[in-house]
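Undergrad: Protein sequence lines correspond, in order, to chains A and B. Per numbering that gives the first Met the number 0, the very first residue in the first sequence carries number 0; after that it's consecutive. Per numbering that gives the first Met the number 0, the very first residue in the second sequence carries number 0; after that it's consecutive.
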Amino acid sequence: MNTFQILFLIFMFIFVLSGIFSFLFRKNQLFANTFTNVINSLNSLFGIILSLFFLITNQPATPIISTSSSFSLFKLALSIDPVSAYFLLVLCVLAFAVSVYSVSYMKHYHGKYDLGRFGLLISLFIFSMIAVFTSSGLIMFYISWEIMAVVSFFLVAFEHENEDARSSSLLYIVMTHVGAAFILLGFVIIYSINGSFDMVSVSNAPASLRLILLILFFIGFGMKAGLVPLHIWLPYAHPAAPANVSALMSGVMLKTAFYGMFRFCIEIVGCDFPSFGTAVVAAGILSVAIGAVYMYVEPDFKRMLAYSSIENMGIITIAFGLFCIGTSTHNPELSVLSYIAMLIHIFSHMLFKGLMFMIAGSVHYATDTRDLEKLGGLIKIMPLTGLLVVLGGLSMSAIVPLNGFIGEWVIIQSLFNAVLTADPVSKMIIVLAVASFGFAGAFACASAVRVIGIGFLGKPRSENALNAKEVPFFMSAPMTLFGVMCLLTGIFPMSLVILATSTFMPAFQGVSDLTTLFIPISFSENTIHPLTAFLGIAAIMFAMFIISLMRRNKFKTEYYETWNCGYDKSTAKMQYSSTGYSNPVSTVFNIIFKADEDIQIKKGSNPYSVKNITLTKTNRKLFESVFYNPMKRFTLLVSNVSKNKIQAGSTETYLAYIFVFLLLLLILNKFI
Amino acid sequence: MEILFYVINTVLQVLVVIIVAPLPGGIVKKIKAFSQKREGPPVFQLYYDIYKLLSKERVVSQTTSWIFRVSPFIILASTLSVFLFIPVIPDIDTFSIAGDVILIIYLLALGKFFLTLSALDAGSTFGGMGSSRESMISSLTEPGFLLSLFTLSLLARSTSLTDIMSYSENIGIKIVSPTYLLIFIAMILILISETSRIPIDDPSTHLELTMVHEAMLLENSGSSLAMLELSAAVKQLIILTIIANVFIPFYGIKVGYGVTGFFIATLLSLLIYTAKVVFISVIVSFAEIFTVKLRLFSTSGFAALSFILAFIAFLQTFILGGV
Chain A
0 MNTFQILFLI
10 FMFIFVLSGI
20 FSFLFRKNQL
30 FANTFTNVIN
40 SLNSLFGIIL
50 SLFFLITNQP
60 ATPIISTSSS
70 FSLFKLALSI
80 DPVSAYFLLV
90 LCVLAFAVSV
100 YSVSYMKHYH
110 GKYDLGRFGL
120 LISLFIFSMI
130 AVFTSSGLIM
140 FYISWEIMAV
150 VSFFLVAFEH
160 ENEDARSSSL
170 LYIVMTHVGA
180 AFILLGFVII
190 YSINGSFDMV
200 SVSNAPASLR
210 LILLILFFIG
220 FGMKAGLVPL
230 HIWLPYAHPA
240 APANVSALMS
250 GVMLKTAFYG
260 MFRFCIEIVG
270 CDFPSFGTAV
280 VAAGILSVAI
290 GAVYMYVEPD
300 FKRMLAYSSI
310 ENMGIITIAF
320 GLFCIGTSTH
330 NPELSVLSYI
340 AMLIHIFSHM
350 LFKGLMFMIA
360 GSVHYATDTR
370 DLEKLGGLIK
380 IMPLTGLLVV
390 LGGLSMSAIV
400 PLNGFIGEWV
410 IIQSLFNAVL
420 TADPVSKMII
430 VLAVASFGFA
440 GAFACASAVR
450 VIGIGFLGKP
460 RSENALNAKE
470 VPFFMSAPMT
480 LFGVMCLLTG
490 IFPMSLVILA
500 TSTFMPAFQG
510 VSDLTTLFIP
520 ISFSENTIHP
530 LTAFLGIAAI
540 MFAMFIISLM
550 RRNKFKTEYY
560 ETWNCGYDKS
570 TAKMQYSSTG
580 YSNPVSTVFN
590 IIFKADEDIQ
600 IKKGSNPYSV
610 KNITLTKTNR
620 KLFESVFYNP
630 MKRFTLLVSN
640 VSKNKIQAGS
650 TETYLAYIFV
660 FLLLLLILNK
670 FI
Chain B
0 MEILFYVINT
10 VLQVLVVIIV
20 APLPGGIVKK
30 IKAFSQKREG
40 PPVFQLYYDI
50 YKLLSKERVV
60 SQTTSWIFRV
70 SPFIILASTL
80 SVFLFIPVIP
90 DIDTFSIAGD
100 VILIIYLLAL
110 GKFFLTLSAL
120 DAGSTFGGMG
130 SSRESMISSL
140 TEPGFLLSLF
150 TLSLLARSTS
160 LTDIMSYSEN
170 IGIKIVSPTY
180 LLIFIAMILI
190 LISETSRIPI
200 DDPSTHLELT
210 MVHEAMLLEN
220 SGSSLAMLEL
230 SAAVKQLIIL
240 TIIANVFIPF
250 YGIKVGYGVT
260 GFFIATLLSL
270 LIYTAKVVFI
280 SVIVSFAEIF
290 TVKLRLFSTS
300 GFAALSFILA
310 FIAFLQTFIL
320 GGV
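1) Taking Cβ-Cβ distances below 8 angstroms as the criterion, which residues of the stretch 291-306 of chain B are in contact with chain A?
2) Are the C-beta atoms of Pro198 (chain B) and some chain A residue less than 9 angstroms apart?
3) Between Pro298 (chain A) and chain B, is any beta-carbon pair separated by less than 9 angstroms?
4) At a cut of 8 angstroms, does the stretch 224-236 of chain B reach the stretch 256-272 of chain B through at least three beta carbon pairs?
5) Do the stretch 217-234 of chain A and the stretch 292-312 of chain A touch if we need at least three Cβ pairs shorter than 8 angstroms?
6) Would you call the CB atoms of Val287 (chain A) and Phe112 (chain B) closer than 9 angstroms?
7) In the DSSP assignment, the alpha helix (DSSP H) including Ala542 (chain A) goes from what residue to what residue?
8) Could you tell me which residues DSSP puts in a beta bridge with Lys602 (chain A)?
9) Residues of the stretch 133-155 of chain B in Cβ contact with chain A at a cutoff of 9 angstroms, in chain order, please.
10) What are the residues in the stretch 558-579 of chain A lying within 9 angstroms of chain B by C-beta distance?
11) Does the CB of Ala232 (chain B) have a neighbour CB from chain A at under 9 angstroms?
12) Measure from the alpha carbon of Gly221 (chain B) to the alpha carbon of each residue in A:Arg551, A:Phe592 and A:Ser638, then state which is nearest.
13) Between the stretch 261-277 of chain A and the stretch 318-329 of chain A, do at least 3 Cβ pairs fall closer than 8 angstroms?
14) Roughly how many whole angstroms lie between the Cα atoms of His212 (chain B) and Thr78 (chain B)?
15) Among the candidates A:Tyr235, A:Phe491, A:Lys620 and A:Phe442, whose CA atom is the shortest distance from the CA of Leu534 (chain A)?
16) In chain order, what residues of the same chain lie with their CB nearer than 7 angstroms to the CB of Val13 (chain B), ignoring the 5 residues before and after it?
17) Measuring CB to CB, does Lys458 (chain A) end up less than 9 angstroms from Gln574 (chain A)?
18) Suppose you measure from the CA of Ala156 (chain A) to the CA of Val173 (chain A); what does that come to, to the nearest Å?
19) If you measure beta-carbon to beta-carbon, which residues of the stretch 278-306 of chain A are closer than 9 angstroms to chain B?
20) What in chain A is Cβ-close to Ile324 (chain B), meaning under 9 angstroms?
21) Answer with buried or exposed for Ile603 (chain A), where buried requires no fewer than 16 other C-beta atoms within 10 angstroms of its C-beta.
22) Report yes or no: do three or more beta-carbon pairs, one from the stretch 442-456 of chain A and one from the stretch 370-378 of chain A, lie closer than 8 angstroms?
23) Output, in sequence order along the chain, the residues in the stretch 385-402 of chain A whose CB is closer than 8 angstroms to any CB in chain B.
24) Pair every Cβ in the stretch 84-104 of chain A with every Cβ in the stretch 460-477 of chain A, then say whether three or more of these pairs are closer than 8 angstroms.
25) Expressed to the nearest angstrom, what Euclidean distance is found between the alpha-carbon atoms of Ser165 (chain B) and Ala340 (chain A)?
26) Name, in chain order, the residues that DSSP records as bridge partners for Arg57 (chain B).
27) Counting contacts by CB-CB distance shorter than 9 angstroms, is Leu79 (chain B) in contact with chain C?
28) When you compare only the Cα positions, how much space is there between Lys616 (chain A) and Ala121 (chain B)?
29) For the stretch 215-293 of chain B, list the alpha helix (DSSP H) runs that are entirely contained and at least 4 residues long, ordered along the chain.
30) Can you list, in chain order, the residues of its chain with a C-beta nearer than 7 angstroms to that of Leu354 (chain A)? Leave out the 5 residues immediately preceding and following it.
31) So what does DSSP say about Thr570 (chain A), is it helix, strand or coil?
32) When we look at the beta-carbon of Asp90 (chain B) and count the other beta-carbons within 10 Å, is it buried (16 or more) or exposed?
33) Taking a Cβ distance cut-off of 9 angstroms, strictly less, list which residues of the stretch 450-482 of chain A are near chain B, in chain order.
34) CB-CB under 8 angstroms to Tyr190 (chain A), same chain, minus the five flanking residues each way: which ones, in chain order?
35) Between Thr488 (chain A) and Ser494 (chain A), which are expected to be in contact by the criterion C-beta below 8 angstroms, what is the C-beta distance as a whole number of angstroms?
36) In chain B, which residues lie less than 7 angstroms from Pro331 (chain A) when you measure between Cβ atoms?
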């Protein structure tokens, strides 16, 4: 056992230990919370160093533990290879920020819920995700997957007094288990082909069996990633969980699905079917479209971020689909391009979604509400959070020069490459993917503006917003770190590209020194250099600033009220609300929303004076009402009918059933 | 030091853009006025407006934050910096190697983000309304825009605007083909949407019924308003330049050699460029004259039309023999 293996095992098990200690110390809640989060953050830092070391020094795939027990089915087997190291890096960066954040954030729950229990759960959650990324046996992978699902169920249900948290967590655990059932079925089929539960390729199996395996894994992992139409748990689970848990779930847990898809669909089963890749791209387009449209109309800050995650997972699925198309049509340029795109967007999304969820948690911490319709004017009370939410919103909308743009650019380049070499049907689907990028990018921009504008700008709309205060240092420090990283990785995208390429070829190949960070990124002779855009904007702004400074003494700025057409008693209620802002799009897409509007008018002392008008708009959730609710009603109908008709209650009927069934068996026995 | 050449070229190009940008808007207004049997404002009215606004003081609402004060700078800077990547005269190299079509679209989104955000900052109903309508209209136009430019880059086998323009220069007369014609019409429709012209928005009124772009600018005054008006004109010039240089691939004639020859050639190319831009704005003015402003919810049909045209143009690249 060399030092790396020992260090890695220590790294993994410190998480378990910190969780156990947090639970043991739960009598003194604040101490338990601080203790476990400090240990987790230091350990995550250690994990960042380990995984960066692994990637940059091009270590080969290294087994960590490899035991064989007398139990021939189950082997405790962990190993780390470059792809695992990349995903571990993603996990550890986010775990570091979330742990530092939790030191202050969990004080919000002090006295109401058990912080020791929370420390145990979150440490086990991080541990289970490390185990998922480093498992090298099918049973080991499935066990870690299940631990991840169960622990996150308890985390989502953390605020158990809340009806919302209880029902969301129940929906989440049921759906994640259905997905796990598909994965388990796939594993069983692999066992029947290979004869063992090792992660060995099944490329000599018949093609139809491999296609079935691909579909099973895609559905199983797709349910975890939140692909439409298997996404309905996401908009409930992410808002109900505490913000740091949502950040971890959205930032890393959804990506474990893509890790699984990569391992099982590509490495173990092998993708030889171009139509499978096209179908994956089509599923991705659907996720992007549905996520974008629902994100626009959602007034709850965290639920809007959940829909944004669905949209970004759709984008990563499109990249994965292109990767499948590339490997199946033996187009190495397309495969490499879309693979790098997938990895870059996974990292960028972790950064900006983690940032936005931490900001959502800060807003909740400061104002006790998640409803945008009750906020407003926060930017003057929480200036740092206001600046960071602008950075996060720009990144979410994939705007130059932030990091969301880099992933989208590489994916559009891979779409460009794919269109040139695809067959006509795939060409049309790929071009629809390009259109969906434009659609989703603009919708994300508008949603970000809506959230920032209505939540942070203008006048406060309620007491909550008036009484807010800026968040403490341990919460603002990791958010600032992520904001700065979003900006830096956007301006110097070579850093992301080098990290992504180091998973399959030696890092820094042909690179002499750090000036590589400054070169443009280019794929197949299409180059961009975001640093130029950033410097250009900065230079022009600097010039304008100098000019305005020179004119400062001649022209003063006067401060006065907002212009409201001469009406002087303008209140906060006269501003646009979130529902009002998204009303045009909601009307245009009414065929999806079939919105239900309810208007309540409260009259004053005489019938001609109106005191209050309240508009409540309920959008239907498309897949729930079209697909899941009918299925639910049908299942309940069938079970009611069978309960009432078959279980009639009389013993004689049951005896008759037994008699008839025995008779049938005897007759059948004659024929077989 | 090649970088120095690029920087000088870029600075000159940005200055040329600032000078040329307010011209197309004035010409459109003049033609519209003549069609209505009016005199109309002078063609250079926007220049006079910007000069007047720069000499007025600013009134800033107390409800606003730093976003309101910084936004005009960021919007004008980001719109001007798009011209780092668009070749106005393809022989003069600016930083067009550092940005391609996709970067341009998402860089324009930076301006749109801050424009819609600063409109919400004052806490007024006008700003919210303009911001909300602009979000809807631009979100629906974006797929068409991206798809048109994507199809153009497919034909040229590259996403760089310089390559697209040199490809259409190489095709020469064959540019009069179904694909290019359909994308031309789609780009004109997108130009109308992005620059808030009739039938999407009425740029000459401040009434609530017809405001989209003007509502977002309402709170600004003085030098901020001058910057925002200029950035709207520059944004119009961006799309006009793309249309002019890609669809009318005639960039100028080479006149002799030496420094004076170079200057004369550059001046001639600039004149030809301005003539192309004016020609396309005349087409846009005809669209303004012969249509009326659409109902807000009918603008989605308009955006869908530009998307469908771009999609059919894409299909044309590989069905029935290609370009």
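Even for Gly, the Cβ is constructed at its ideal location relative to N, Cα and C.
TA: In short, the structure shows the following:
1) Leu295, Phe296, Ser299 and Phe306
2) The residue labelled residue 198 (chain B) in the question sits at position 199 within the second sequence. No, Pro198 (chain B) lies away from the interface with chain A (no Cβ there is under 9 angstroms from its Cβ).
3) For this step, residue 298 (chain A) is matched to residue 299 along the first sequence. No, Pro298 (chain A) lies away from the interface with chain B (no Cβ there is under 9 angstroms from its Cβ).
4) no
5) Under the 8 angstroms Cβ criterion, the stretch 217-234 of chain A counts as touching the stretch 292-312 of chain A, having at least three qualifying pairs.
6) Numbered from 1 along the first sequence, position 288 holds the residue referred to as residue 287 (chain A). Numbered from 1 along the second sequence, position 113 holds the residue referred to as residue 112 (chain B). Cβ distance not < 9 angstroms, so Val287 (chain A) and Phe112 (chain B) don't count as in contact.
7) Residue 542 (chain A) sits at position 543 when you count from the first residue of the first sequence. First-last of the alpha helix (DSSP H) with Ala542 (chain A): Pro529 to Met549.
8) For this step, residue 602 (chain A) is matched to residue 603 along the first sequence. Per DSSP, A:Val609.
9) Cβ contacts with chain A come from Glu133, Ser134, Met135, Ile136, Ser137, Ser138, Leu139, Thr140, Glu141, Pro142, Gly143, Phe144, Leu145, Leu146, Phe149, Thr150, Ser152 and Leu153.
10) Residues Tyr558, Tyr559, Glu560, Thr561, Trp562, Asn563, Cys564, Ser569, Ala571, Met573, Gln574, Tyr575, Ser576 and Gly579.
11) Numbered from its first residue, the second sequence carries residue 232 (chain B) at position 233. No, no contact with chain A.
12) Within the second sequence, residue 221 (chain B) is the residue found at index 222, counting from 1. Answer by Cα proximity: A:Arg551.
13) yes
14) For the purposes of this step, residue 212 (chain B) is identified with residue 213 of the second sequence, where counting begins at 1. For the purposes of this step, residue 78 (chain B) is identified with residue 79 of the second sequence, where counting begins at 1. Going by the C-alpha atoms only, they are around 16 angstroms apart.
15) Numbered from 1 along the first sequence, position 535 holds the residue referred to as residue 534 (chain A). Distance check between Leu534 (chain A) and each of A:Tyr235, A:Phe491, A:Lys620 and A:Phe442 places A:Phe491 closest, using alpha-carbon atoms only.
16) The residue you call residue 13 (chain B) lines up with position 14 of the second sequence. Closer than 7 angstroms at the Cβ level, and outside the excluded window around Val13 (chain B), lie Leu79 and Phe82.
17) By one-based count along the first sequence, residue 458 (chain A) stands at place 459. By one-based count along the first sequence, residue 574 (chain A) stands at place 575. Yes, they are a contact pair.
18) As a first step, residue 156 (chain A) is located in the first sequence; it is residue number 157 there, counting from the start. As a first step, residue 173 (chain A) is located in the first sequence; it is residue number 174 there, counting from the start. So the alpha carbons of these two residues sit roughly 13 angstroms apart.
19) Contacts with chain B (Cβ-Cβ distance below 9 angstroms) from the stretch 278-306 of chain A involve Ala291 and Tyr295, listed in chain order.
20) Nothing can be reported for residue 324 (chain B), as the shown portion of chain B is limited to 0 through 322.
21) Within the first sequence, numbered from 1, the residue matching residue 603 (chain A) stands at position 604. Note on residue identity: the sequence assigns Gly, not Ile, to residue 603 (chain A). Under this definition Gly603 (chain A) is an exposed residue.
22) yes
23) Those residues of the stretch 385-402 of chain A that come within reach of chain B (Cβ to Cβ, closer than 8 angstroms) are Gly385, Val389, Gly392, Leu393, Ser396, Ala397, Ile398 and Val399.
24) yes
25) By one-based count along the second sequence, residue 165 (chain B) stands at place 166. By one-based count along the first sequence, residue 340 (chain A) stands at place 341. Our two residues, Ser165 (chain B) and Ala340 (chain A), have alpha carbons roughly 29 angstroms apart in a direct line.
26) Translated into the one-based positions of the second sequence, residue 57 (chain B) becomes position 58. Residue pairing by DSSP puts Arg57 (chain B) in a beta bridge opposite A:Thr556.
27) Of the protein chains in the structure, A and B, none is chain C.
28) What you label residue 616 (chain A) is simply residue 617 of the first sequence in a count that begins at 1. What you label residue 121 (chain B) is simply residue 122 of the second sequence in a count that begins at 1. Distance between the alpha carbons of Lys616 (chain A) and Ala121 (chain B): 26 angstroms.
29) 222-246 and 257-289
30) Locating residue 354 (chain A) in the first sequence gives position 355, counting from the first residue. The residues are Leu387, Gly391, Met478, Phe481, Gly482 and Cys485.
31) Taking the first sequence and counting its residues from 1, the one referred to as residue 570 (chain A) is at position 571. When secondary structure is reduced to three states using DSSP, Thr570 (chain A) falls in the coil class, being assigned neither helix nor strand.
32) Position 91 of the second sequence, counted from the start, is the residue given in the question as residue 90 (chain B). Answer is exposed; the Cβ neighbour count stays below 16.
33) Ile451, Gly452, Ile453, Phe455, Leu456, Gly457 and Lys458
34) In the first sequence, counting from the first residue as 1, residue 190 (chain A) sits at position 191. Correct list, in chain order: Leu137 and Phe196.
35) Within the first sequence, residue 488 (chain A) is the residue found at index 489, counting from 1. Within the first sequence, residue 494 (chain A) is the residue found at index 495, counting from 1. Confirmed, about 6 angstroms.
36) Stepping through the first sequence from its first residue, residue 331 (chain A) is reached at position 332. Those do not exist, as Pro331 (chain A) stays about 19 angstroms from chain B at its closest Cβ, beyond 7 angstroms.
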